[in-house]
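What follows is one structure encoded as structure tokens, with my remarks underneath.
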Amino acid sequence: MEHLKSNKKVPFLPQDIPFNDDQRQWLGGFLAGLHTRLLVKEEHVTTVNTASSQVKPLTIIYGSQTGNAESVAEEAAEIAKNHGLTAHVQDMDDVELDQLSKVERLLVITSTYGEGEMPDNAQALWDDISAEDAPRFDNTYFSVLALGDTNYDDFCLAGIEWDERLEALGATRVANRVDCDVAYESPAQEWIAETLPTIAQKGSQGGSEVIPAPSIAPKKVKPKYNRDNPFEAELVRKYTLNNPNSGKETCHYELSLLDSGESYEAGDAINLLPCNRPDLVEELISLLGARKEQHEQYDGHTQELQKIFTEDLEIRIPSKEFIIEVATRSGDQTFIAKLDEGTQALNEFVWGLDCVDLLSRYAPNAFTASDFIRLAKPLAPRAYSISSSIKQHTNEVHLTIASVRYHQADRAHNGVCSTFLADLCEPGSKIKCYFAPNKHFSVPQDSTAPIIMIGPGTGIAPFRGFLEERLATKASGDNWLFFGDRTKENDFLYQQELEQMQESGLLTHLDLAFSRDQEQKIYVQDKMQAQGERLFSWLERGAYLYVCGDAFKMAKDVDKALHNIIAQHGGLNEAESQEYVANLKKQKRYVRDVY
Numbered sequence: 004m005e006h007l008k009s010n011k012k013v014p015f016l017p018q019d020i021p022f023n024d025d026q027r028q029w030l031g032g033f034l035a036g037l038h039t040r041l042l043v044k045e046e047h048v049t050t051v052n053t054a055s056s057q058v059k060p061l062t063i064i065y066g067s068q069t070g071n072a073e074s075v076a077e078e079a080a081e082i083a084k085n086h087g088l089t090a091h092v093q094d095m096d097d098v099e100l101d102q103l104s105k106v107e108r109l110l111v112i113t114s115t116y117g118e119g120e121m122p123d124n125a126q127a128l129w130d131d132i133s134a135e136d137a138p139r140f141d142n143t144y145f146s147v148l149a150l151g152d153t154n155y156d157d158f159c160l161a162g163i164e165w166d167e168r169l170e171a172l173g174a175t176r177v178a179n180r181v182d183c184d185v186a187y188e189s190p191a192q193e194w195i196a197e198t199l200p201t202i203a204q205k206g207s208q209g210g211s212e213v214i215p216a217p218s219i220a221p222k223k224v225k226p227k228y229n230r231d232n233p234f235e236a237e238l239v240r241k242y243t244l245n246n247p248n249s250g251k252e253t254c255h256y257e258l259s260l261l262d263s264g265e266s267y268e269a270g271d272a273i274n275l276l277p278c279n280r281p282d283l284v285e286e287l288i289s290l291l292g293a294r295k296e297q298h299e300q301y302d303g304h305t306q307e308l309q310k311i312f313t314e315d316l317e318i319r320i321p322s323k324e325f326i327i328e329v330a331t332r333s334g335d336q337t338f339i340a341k342l343d344e345g346t347q348a349l350n351e352f353v354w355g356l357d358c359v360d361l362l363s364r365y366a367p368n369a370f371t372a373s374d375f376i377r378l379a380k381p382l383a384p385r386a387y388s389i390s391s392s393i394k395q396h397t398n399e400v401h402l403t404i405a406s407v408r409y410h411q412a413d414r415a416h417n418g419v420c421s422t423f424l425a426d427l428c429e430p431g432s433k434i435k436c437y438f439a440p441n442k443h444f445s446v447p448q449d450s451t452a453p454i455i456m457i458g459p460g461t462g463i464a465p466f467r468g469f470l471e472e473r474l475a476t477k478a479s480g481d482n483w484l485f486f487g488d489r490t491k492e493n494d495f496l497y498q499q500e501l502e503q504m505q506e507s508g509l510l511t512h513l514d515l516a517f518s519r520d521q522e523q524k525i526y527v528q529d530k531m532q533a534q535g536e537r538l539f540s541w542l543e544r545g546a547y548l549y550v551c552g553d554a555f556k557m558a559k560d561v562d563k564a565l566h567n568i569i570a571q572h573g574g575l576n577e578a579e580s581q582e583y584v585a586n587l588k589k590q591k592r593y594v595r596d597v598y
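Just so we're aligned, residue 4 is where the sequence shown starts under my numbering, counting upward by one.
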């Protein structure tokens, strides 16, 4: 019956049959009528099926700082189709609370940023729903997925607060909140599998209020590689960006994407899957009284201990479970007392110590290899902002990474991924990786729009990509960069490139803040304040402002400076300047990629 799905003529004709003219005419009419009725019926079935797929709307809102929550939201929306649900995925910045309170089926997926804070795109909506006059959600069925990191205080606090607030406003929880650690993929999939069939059975069959989708840029193509299926990129070039006299080591890396079929956009990130250093693996195995060739169980498989410690487990940064167990077994009353003083006190007590430090200082001979495996976290991918435009570097991706090295407890400490790249990888090495699209942290679609980029230290990474992108696309918009580091002589990353961009006119303004080149330290926020009038005038003519770098100090100082500039040069009071900044965020004109 395949021919019935087309507009082609029926493949046999009445004149082909040995009937008389009357019989032939009757049969031709009958077949034509039958064909038409079947087509109409097929069209009706298609229409009914399409309509039925739309009668159960599902709203999925996400709060995301780096794109992970957004990716999970889109995955849930795809799977929702299998349960008779039509999902509408919404950035929290695009949601009005009055509309949200009318939806019947709601999924909330949010990460936690900084010290237990809401992601940037979630703050305005959270402020609205936290208000005393927030509307009731009595007719809403919901569930929450929280993304976080147990190594930080207030683990998954943003998701916890959303979960509790919706319940307080009368919403009905259909599945318990799931709090995900860094390895969020599997628990997120389990939450989706549990929640969707349950929420599909709740509420009416149709007609509930659906939040209208805003006009947004087309979604980026979902990468085909992921954590479970990474691409092995070849390292083709690396060099140090600091001068030899610098107290820092920041390296530039270039990876080949040949044969991958992968691409990216300026502003995206890449996840690298490192291996632990052999010297750290040996230290840990020795402390545990084990042998590298002995076999242990991990993740349902029996493997050599050296392989588990090298490729599978986080053996440098201690998990909270491991810290608590070390304290308990140590017999050290000061350490044990910290367990009752709260997370902050405990973190301060063990600050800078790795797993080897804790074992050797507090619990020598108290743990076996299997004990450690049970308490350790999986070795997580490390995400880095991409520092190139693929339009300028075909089939390549560039990275700008500071090597983490310090001495404590009479031992050298080395960052897992940064020194894996710096010390263990040479041109020709294969590095497992996969991309992490970041839809909002990208150059404006309007090529005439001005952009302001604030990126001290390795925060310069995405802005090198932005400038290359603007050059490749011949964008006419003005470009302004604030960059800073310790000293101009030793730490002016990409100095030659940036100065050439300035000379060519691509870089309209370049403001530099080298903190140690004068007695009183100067930072990028100080340069912003000094250029406050001009900066505000750029915002008034539609500039986009981007911040990349340290979340705990720099990003907060920059945000404070921005509010001050807007208040001072816009003639606004505190409440009005806060509203101005909130509107910038809502318009995706104030975007941060901070860590």
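Heads up, the beta-carbon is just placed ideally off N, CA and C, and yes, glycines get one too. Bear in mind that the values here come from a model prediction, so they are computed numbers and not experimental data.
K241 bridges to which residues according to DSSP?
-> The residue you call residue 241 lines up with position 238 of the sequence shown. Y256.
Would you identify the three-state DSSP class for F325, choosing helix, strand or coil?
-> By 1-based counting over the sequence shown, the position of residue 325 is 322. Three-state result, F325: helix.
Note down, one range per segment and in chain order, each beta strand (DSSP E) of at least 3 residues found wholly within the region 539–568.
-> 547–552
Reduced DSSP secondary structure (H/G/I, E/B, other) of F417 = Reading the sequence shown from its first residue, position 414 is the one you call residue 417. The sequence shown places Asn at residue 417, rather than the Phe named in the question. In the structure shown, N417 sits in a strand (DSSP, three-state: E or B).
Does the region 490–504 come close enough to the region 540–548 to have 3 or more Cβ pairs within less than 8 Å?
-> no
Inter-stretch contact at 8 Å, needing at least 3 Cβ pairs: the region 474–489 / the region 500–515 = yes
Own chain residues within Cβ distance below 7 Å of P384, not counting five before or after | Locating residue 384 in the sequence shown gives position 381, counting from the first residue. For P384, where only same-chain residues beyond five positions count, the Cβ hits under 7 Å are R230, N274, L275, L276.
Whole-number beta carbon distance between V353 and I326, since they are thought to touch under 8 Å | Here residue 326 refers to the residue found at position 323 when the sequence shown is read from its first residue. Here residue 353 refers to the residue found at position 350 when the sequence shown is read from its first residue. Yes, I326 and V353 are in contact; Cβ-Cβ is about 6 Å, under 8 Å.
Straight-line Cα distance separating D357 from H410 | Working through the sequence shown from its first residue, we reach residue 410 at position 407. Working through the sequence shown from its first residue, we reach residue 357 at position 354. About 11 Å.
Output the distance between the C-alpha atoms of D374 and A348, rounded to the nearest integer angstrom.
-> In the sequence shown, counting from the first residue as 1, residue 374 sits at position 371. In the sequence shown, counting from the first residue as 1, residue 348 sits at position 345. When rounded, the distance between both Cα atoms is 25 Å.
Quick one: grab the DSSP three-state call for L484.
-> In the sequence shown, residue 484 corresponds to position 481, counting from 1. L484: strand per DSSP, three-state reduction.
Measure from the alpha carbon of R294 to the alpha carbon of each residue in E307, I163, T403, then state which is nearest.
-> To locate residue 294, count along the sequence shown from 1; it is residue 291. Looking at the Cα atoms, E307 is the closest of the given residues.
Which whole-angstrom value is the C-beta distance of L110 and A79, which I expect to be below 8 Å?
-> On the sequence shown, residue 110 is found 107 positions in, with the first residue counted as 1. On the sequence shown, residue 79 is found 76 positions in, with the first residue counted as 1. So it is a contact: roughly 6 Å between Cβ atoms.
Name the two residues that bound the continuous alpha helix (DSSP H) containing A533.
-> As a working note, residue 533 is residue 530 in the sequence shown. Start and end: 527–533.
For the candidate residues G462, A236, R473, whose alpha-carbon lies nearest to that of S450?
-> Position 447 of the sequence shown, counting from 1, holds the residue named residue 450. Ranking G462, A236, R473 by Cα distance to S450 puts R473 first.
So what's M95 in DSSP terms, helix, strand or just coil?
-> Reading the sequence shown from its first residue, position 92 is the one you call residue 95. Residue state, collapsed to three classes: helix.
Would you check if the region 284–294 and the region 362–379 touch, i.e. whether three or more CB-CB distances between them fall below 8 Å?
-> yes
Under 8 Å between C-beta atoms of S392 and T403 | For the purposes of this step, residue 392 is taken as residue 389 along the sequence shown, with counting starting at 1. For the purposes of this step, residue 403 is taken as residue 400 along the sequence shown, with counting starting at 1. Contact: no.
At which residue ranges does the region 258–322 contain complete beta strand (DSSP E) runs of 3 or more residues, listed in the order of the chain?
-> 272–276, 298–301, 304–307
Can you say whether K380 is buried or exposed, counting buried as having 16 or more other CB atoms within 10 angstroms of its CB?
-> One-based indexing of the sequence shown puts residue 380 at position 377. When all chains shown are included, K380 counts as buried.
Reference Y387; option with closest CA among V239, N576, T461, F517 | Indexing the sequence shown from 1 puts residue 387 at position 384. Of the listed residues, the one whose Cα sits closest to Y387 is T461.
Spatial distance of Q499 from F370 (CA atoms) = As a working mapping, residue 499 is identified with position 496 in the sequence shown. As a working mapping, residue 370 is identified with position 367 in the sequence shown. Going from the Cα of Q499 to the Cα of F370 covers about 52 Å.
Classification of S74 by the beta-carbon crowding that lies within 10 angstroms, buried from 16 upward = Numbered from its first residue, the sequence shown carries residue 74 at position 71. It is buried - the Cβ of S74 has at least 16 other Cβ atoms within 10 Å.
Please work out which residues of its chain come closer than 6 Å, Cβ to Cβ, to Q297, disregarding the five sequence neighbours upstream and downstream, and give them in chain order.
-> Position 294 of the sequence shown, counted from the first residue, corresponds to residue 297. Closer than 6 Å at the Cβ level, and outside the excluded window around Q297, lie L308.
By a C-beta neighbour count over all protein chains shown, 10 Å radius and 16 as the cutoff for buried, is D139 buried or exposed?
-> Stepping through the sequence shown from its first residue, residue 139 is reached at position 136. Just to set this straight, residue 139 is Arg in the shown sequence, not Asp. With fewer than 16 other Cβ atoms within 10 Å, it is exposed.
How far does the alpha helix (DSSP H) with A72 in it reach, from first residue to last?
-> By one-based count along the sequence shown, residue 72 stands at place 69. A72 -> alpha helix (DSSP H) spans 71–83.
Where does S1 sit, in a helix, a strand or coil, going by DSSP?
-> Residue 1 lies beyond the residue range present for the chain, which begins at 4 and ends at 598; the question has no answer from this structure.
Taking the CB atoms as reference points, tell me whether P321 and L283 lie closer together than 8 Å.
-> Translated into positions along the sequence shown, residue 321 becomes position 318. Translated into positions along the sequence shown, residue 283 becomes position 280. No, the pair does not count as a contact, with Cβ atoms beyond the cut-off.
Cα-Cα, which of V446, D488, P459 is closest to E471?
-> By one-based count along the sequence shown, residue 471 stands at place 468. Nearest option by C-alpha distance: V446.
Straight-line gap, L575 to K588 (C-alpha atoms, nearest Å) = In the sequence shown, counting from the first residue as 1, residue 575 sits at position 572. In the sequence shown, counting from the first residue as 1, residue 588 sits at position 585. Their Cα atoms are separated by approximately 18 Å.
Is the region 415–431 close to the region 192–212, with three or more CB pairs under 8 Å?
-> no
Of all the alpha helix (DSSP H) runs that stay within the bounds of the region 484–522, which reach a length of 4 or more residues?
-> 491–494, 498–507
Would you grab the beta carbon distance between V584 and H443 for me? Rounded to a whole angstrom, and I think it's under 8 Å.
-> For this step, residue 584 is matched to residue 581 along the sequence shown. For this step, residue 443 is matched to residue 440 along the sequence shown. Not confirmed; about 16 Å, so no contact.
Mind listing, in chain order, the continuous alpha helix (DSSP H) runs of no fewer than 4 residues lying wholly within the region 169–211?
-> 188–202
In the DSSP assignment, find the unbroken beta strand (DSSP E) run with S146 in it and report its ends.
-> Looking up residue 146 in the sequence shown gives position 143. That run of the beta strand (DSSP E) goes 144–150.
Going straight from the alpha carbon of T422 to that of Y187, what length do you get?
-> Mapped onto the sequence shown, residue 422 falls at position 419. Mapped onto the sequence shown, residue 187 falls at position 184. Using only the alpha carbons, I get a separation of about 25 Å.
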